[in-house]
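Residue numbering for the sequence shown is 0 to 186, as defined by numbering that gives the first Met the number 0.
Cβ atoms here follow ideal geometry from the backbone N, Cα and C, with glycine treated the same way.
Read through the structure below, which is laid out as structure tokens, and then see the notes.
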Amino acid sequence: MFNYTVFAGFKIISQGNIEEVAIATKKYLKKEDDVRLLIFSDLSGKQMDLDLSGADKDVIDRLSVYKAAEASVSVSGPGRPKIGVKPREVSLLPLHWEWLSTQSGGASATIRRLVDEKMKAPTPKDKIKQTQESVYTFLNSIAGDLTNFEDAIRFLYRQDEAKFKDAIADWPKDLKKHTLTLSRGVF
Numbered sequence: 000m001f002n003y004t005v006f007a008g009f010k011i012i013s014q015g016n017i018e019e020v021a022i023a024t025k026k027y028l029k030k031e032d033d034v035r036l037l038i039f040s041d042l043s044g045k046q047m048d049l050d051l052s053g054a055d056k057d058v059i060d061r062l063s064v065y066k067a068a069e070a071s072v073s074v075s076g077p078g079r080p081k082i083g084v085k086p087r088e089v090s091l092l093p094l095h096w097e098w099l100s101t102q103s104g105g106a107s108a109t110i111r112r113l114v115d116e117k118m119k120a121p122t123p124k125d126k127i128k129q130t131q132e133s134v135y136t137f138l139n140s141i142a143g144d145l146t147n148f149e150d151a152i153r154f155l156y157r158q159d160e161a162k163f164k165d166a167i168a169d170w171p172k173d174l175k176k177h178t179l180t181l182s183r184g185v186f
């Protein structure tokens, strides 16, 4: 299951699944008038916007988009998606096209199957790269102005754990702790 984290400044105010985070964020905003909150997906590191208006049930009902995305990533069914399919160009060598033409289901089905297999069983190198990208995305949003940001990113991509930890040592406690949690797959 995906995890989400909400920051008020550099302090974590909520972590959990999308529903828990949304309701906790809504309650926090009722107590605190003038606060800027940032909601992040821990998987992608991307900042999220949630519509927290209305009753709690309304908020949860609107989260179906996120729950559907989680389900589609965690459980992949057979067949072609019914919506959102756009033809794109793929550049392959003639020998690749020749091999694809011999596969059952045709070129598109074979390419989709190969991509699905790769997505389900990423290599350790793929996992490290994905983790580096999500940590970078997260830190760029929240910590881009902090001391040693550039050094931290450089050491993240070099996979130098000791220097990475040194670079973020003076960062606010919650931010540092969450950054270390997110970056575990890199080191």
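Notebook entry, point to check: By how many angstroms is the C-alpha of ASP57 removed from the C-alpha of ALA151?
Noted result: As a position in the sequence shown, residue 151 is number 152, starting the count at 1. As a position in the sequence shown, residue 57 is number 58, starting the count at 1. Near 40 Å, if we compare the C-alpha coordinates of ASP57 and ALA151.
Notebook entry, point to check: According to DSSP, is LEU51 helix, strand or coil?
Noted result: As a working mapping, residue 51 is identified with position 52 in the sequence shown. Note: LEU51 maps to coil in three-state DSSP.
Notebook entry, point to check: Between ILE38 and THR24, which are expected to be in contact by the criterion C-beta below 8 Å, what is the C-beta distance as a whole number of angstroms?
Noted result: Stepping through the sequence shown from its first residue, residue 38 is reached at position 39. Stepping through the sequence shown from its first residue, residue 24 is reached at position 25. Yes, ILE38 and THR24 are in contact; Cβ-Cβ is about 7 Å, under 8 Å.
Check: Would the beta-carbon of PHE154 fall within 8 Å of that of ALA142?
Finding: Locating residue 154 in the sequence shown gives position 155, counting from the first residue. Locating residue 142 in the sequence shown gives position 143, counting from the first residue. No, these two residues do not count as a Cβ contact at 8 Å.
Next item on the list: Say whether the segment 99-112 touches the segment 3-17, bearing in mind that this needs 3 or more beta-carbon pairs closer than 8 Å, one atom from each stretch.
Entry: Output reads no: the segment 3-17 does not touch the segment 99-112.
Margin query: Can you list, in chain order, the residues of its chain with a C-beta nearer than 6 Å to that of THR130? Leave out the 5 residues immediately preceding and following it.
Written below: The residue given as residue 130 occupies position 131 in the sequence shown. Excluding positions up to five away in sequence, the list reads GLY184 and VAL185.
Margin query: Please report the distance separating the alpha-carbon of ASP159 from that of ALA168.
Written below: Here the question's residue 159 lines up with position 160 in the sequence shown. Here the question's residue 168 lines up with position 169 in the sequence shown. The straight-line gap from Cα to Cα measures roughly 14 Å.
Item checked: Segment contact flag, the segment 130-140 with the segment 41-53, C-beta cutoff 8 Å, min 3 pairs -> yes
Check: What is the residue span of the alpha helix (DSSP H) that PHE154 lies within?
Finding: If you number the sequence shown from 1, residue 154 lands on position 155. Where PHE154 is concerned, the enclosing alpha helix (DSSP H) stretches over 148-157.
Next item on the list: Per DSSP, which residues does THR4 bridge with? Please list them.
Entry: As a working mapping, residue 4 is identified with position 5 in the sequence shown. According to DSSP, which records beta bridges pairwise, THR4 is partnered with GLN14 and PHE39.
Note to self: Could you check whether ARG61 and ASP50 sit closer than 8 Å to each other, using their CB atoms as the reference points?
What the structure shows: Here the question's residue 50 lines up with position 51 in the sequence shown. Here the question's residue 61 lines up with position 62 in the sequence shown. Yes, they are a contact pair.
Next item on the list: Just the C-alpha distance for LYS26 and LEU138, rounded to the nearest angstrom, thanks.
Entry: On the sequence shown, residue 26 is found 27 positions in, with the first residue counted as 1. On the sequence shown, residue 138 is found 139 positions in, with the first residue counted as 1. Taking the straight line from one Cα to the other gives about 26 Å.
Note to self: Rounded to the nearest angstrom, what separates LYS175 and SER100 at their Cα positions?
What the structure shows: Position 176 of the sequence shown holds residue 175. Position 101 of the sequence shown holds residue 100. In a straight line, the C-alpha of LYS175 is about 51 Å away from that of SER100.
Note to self: Our contact map puts ASP173 next to PHE9 with C-beta atoms below 8 Å; I'd like the distance itself, whole angstroms only.
What the structure shows: Along the sequence shown, one-based indexing puts residue 173 at 174. Along the sequence shown, one-based indexing puts residue 9 at 10. About 6 Å separates the two Cβ atoms, so the contact holds.
Check: Where do the N-terminal and C-terminal ends of the alpha helix (DSSP H) with ILE141 fall, by residue?
Finding: Taking the sequence shown and counting its residues from 1, one reaches residue 141 at position 142. DSSP places ILE141 in the uninterrupted alpha helix (DSSP H) bounded by 123-141.
Notebook entry, point to check: Would you report the Cα separation of LEU113 and ALA161, rounded to the nearest angstrom?
Noted result: Translated into positions along the sequence shown, residue 113 becomes position 114. Translated into positions along the sequence shown, residue 161 becomes position 162. Going by the C-alpha atoms only, they are around 37 Å apart.
Next item on the list: Return the Cβ separation of LEU28 and VAL5 in integer angstroms, given the expectation that the two are a contact with Cβ distance under 8 Å.
Entry: In the sequence shown, residue 28 corresponds to position 29, counting from 1. In the sequence shown, residue 5 corresponds to position 6, counting from 1. With 8 Å as the limit, LEU28 and VAL5 do not qualify as a contact, their Cβ atoms being about 10 Å apart.
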